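Trainee: In our numbering, the protein residues as written are 116 to 286. From the three backbone atoms N, C-alpha and C, an ideal C-beta is built for every residue, glycine too. Please read all numbers here as calculations on a predicted model, not as lab measurements.
Rendered as structure tokens:
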């Protein structure tokens, strides 16, 4: 199957999802600074302040399926949501990924953005999506449940702070 075509935009009642741009790198780096301390160290800002905004800007092209999540009413970019292809997974079974700034939590934006991305995956003829989530991340587990994902019982990673669980959704 051909790689999934990235849309110019996905629109919901309150959000616009579109390809990320380098001028938003500071927002994506801010996500790194806001991450829970239970997130593994390689996904948080290190003692040298890395990744920097420039580092983050340089990595944006590596994940073209992740889309900026922008609020319609303010045009503010509040995070990302999209699909990631993995070399060890079938090309038509991407991973759903999302992360929003803390100021955007608790408003249903992650679920709304996720619904748009699940629709994009369905229209792209993906038979299944998967996502991983830390067992302690109750909010993200709830979002995935609302999106129709179910936990498989498979643990894909362990740390001193918890287990990363595999969830799937048939389309």
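1. Output the distance between the C-alpha atoms of residue 251 and residue 259, rounded to the nearest integer angstrom.
2. Looking at C-alpha atoms only, which residue of 269, 222, 227 and 224 is the closest neighbour of residue 245?
3. Just to confirm, are residue 228 and residue 130 a CB contact at a threshold of 8 Å?
4. Drop a sphere of 10 angstroms on the beta-carbon of residue 176, count the other beta-carbons inside from all chains shown, and report buried for 16 or more, exposed for fewer.
5. Could you check what DSSP says for residue 245 in three-state terms: helix, strand or coil?
6. What is the DSSP secondary structure of residue 217, reduced to helix, strand or coil?
7. Quick one: Cα of residue 119 to Cα of residue 207, how far?
8. What residue range does the alpha helix (DSSP H) around residue 259 cover?
9. Considering only the beta carbon of each residue, do residue 125 and residue 182 sit closer than 8 Å?
10. Which value, in whole angstroms, describes the spacing of the CA atoms of residue 214 and residue 255?
11. Identify the continuous alpha helix (DSSP H) that holds residue 149 and give its terminal residues.
12. Tell me the DSSP secondary structure of residue 183 in three-state form.
13. Using the C-alpha atoms, what's the distance from residue 203 back to residue 155?
14. Quick one: any contact between the region 153-171 and the region 186-195, if contact means 3 or more CB pairs under 8 Å?
15. What residue from 223, 200, 266 and 222 has the CA that sits closest to residue 236's CA?
16. Identify whether residue 271 lies in helix, strand or coil by the three-state DSSP scheme.
Mentor: Looking at the atomic coordinates:
1. For this step, residue 251 is matched to residue 136 along the chain shown. For this step, residue 259 is matched to residue 144 along the chain shown. Computed Cα separation, rounded: 14 Å.
2. Along the chain shown, read from residue 1 onward, the residue named residue 245 stands at position 130. Comparing Cα positions, the closest option is 269.
3. Residue mapping note: residue 228 aligns to position 113 of the chain shown, counting from 1. Residue mapping note: residue 130 aligns to position 15 of the chain shown, counting from 1. Yes, the pair counts as a contact, with Cβ atoms nearer than the cut-off.
4. Numbered from 1 along the chain shown, position 61 holds the residue referred to as residue 176. Burial call: exposed.
5. What you label residue 245 is simply residue 130 of the chain shown in a count that begins at 1. Three-state result, residue 245: strand.
6. For this step, residue 217 is matched to residue 102 along the chain shown. DSSP places residue 217 in helix when its eight states are reduced to three.
7. As a first step, residue 119 is located in the chain shown; it is residue number 4 there, counting from the start. As a first step, residue 207 is located in the chain shown; it is residue number 92 there, counting from the start. Straight-line Cα distance between these residues: approximately 7 Å.
8. For the purposes of this step, residue 259 is taken as residue 144 along the chain shown, with counting starting at 1. Residues 253-261.
9. One-based indexing of the chain shown puts residue 125 at position 10. One-based indexing of the chain shown puts residue 182 at position 67. Yes, the Cβ-Cβ distance between residue 125 and residue 182 is below 8 Å.
10. What you label residue 214 is simply residue 99 of the chain shown in a count that begins at 1. What you label residue 255 is simply residue 140 of the chain shown in a count that begins at 1. Whole-angstrom Cα-Cα distance: 9 Å.
11. Start at 1 with the first residue of the chain shown, and residue 149 comes out as number 34. Per DSSP, residue 149 belongs to the alpha helix (DSSP H) from 140-149.
12. Here the question's residue 183 lines up with position 68 in the chain shown. Residue state, collapsed to three classes: strand.
13. Locating residue 155 in the chain shown gives position 40, where the first residue counts as 1. Locating residue 203 in the chain shown gives position 88, where the first residue counts as 1. Cα-Cα distance, rounded: 21 Å.
14. no
15. Walking along the chain shown from the start, residue 236 turns up at place 121. Ranking 223, 200, 266 and 222 by Cα distance to residue 236 puts 200 first.
16. Taking the chain shown and counting its residues from 1, the one referred to as residue 271 is at position 156. Three-state result, residue 271: strand.
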